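The sequence shown begins at -18 in this note's numbering and counts up one residue at a time.
Heads up: the structure comes next, in structure tokens.
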Amino acid sequence: MALTFTAELFHWRGPAPHYFLRVPDELVPDLRDAARFVTYGWGMIPCEAVVGETRFRTSIFPKDGGYLLPVKVAVRRAEALEEGQAVTVTVTPG
């Protein structure tokens, strides 16, 4: 099951700052269903993600009733992504 969505790249300034895309609310039920089969704990969903020409492995994780997809530094550099930019991504859980 591949899910494609567009979301704004945002910077979380926590103790370990990272960049994320928030999964749109309408896709949350699909990810919850997938999580039952592929999660490795704490609701984390391993996945393959594709942004532009860049393919990478990561894990989607639950946050405040939804899900966040972390976007790695190498991906941001390869695709010239900046905070606040609308980013289209395709994720395949598993």
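C-beta atoms are modelled at their ideal positions from N, C-alpha and C, and glycine is treated no differently.
Model, not experiment: these values are computed from the prediction.
field: Those residues which DSSP pairs with residue 44 across a bridge
entry: In the sequence shown, residue 44 corresponds to position 63, counting from 1. Bridge partners of residue 44: 47.
message: Taking only three categories from DSSP, how would you classify residue 17?
response: Here residue 17 refers to the residue found at position 36 when the sequence shown is read from its first residue. Looking at residue 17 - three-state DSSP - the assignment turns out to be helix.
Inter-stretch contact at 8 Å, needing at least 3 Cβ pairs: the region -12 to 3 / the region 52 to 70: yes
query: Quick one: Cα of residue 35 to Cα of residue 11, how far?
result: Counted from its first residue, the sequence shown places residue 35 at position 54. Counted from its first residue, the sequence shown places residue 11 at position 30. Those two C-alpha atoms are separated by around 24 Å.
task: Using three-state DSSP, classify residue 5 as helix, strand or coil.
output: Locating residue 5 in the sequence shown gives position 24, counting from the first residue. Three-state result, residue 5: coil.
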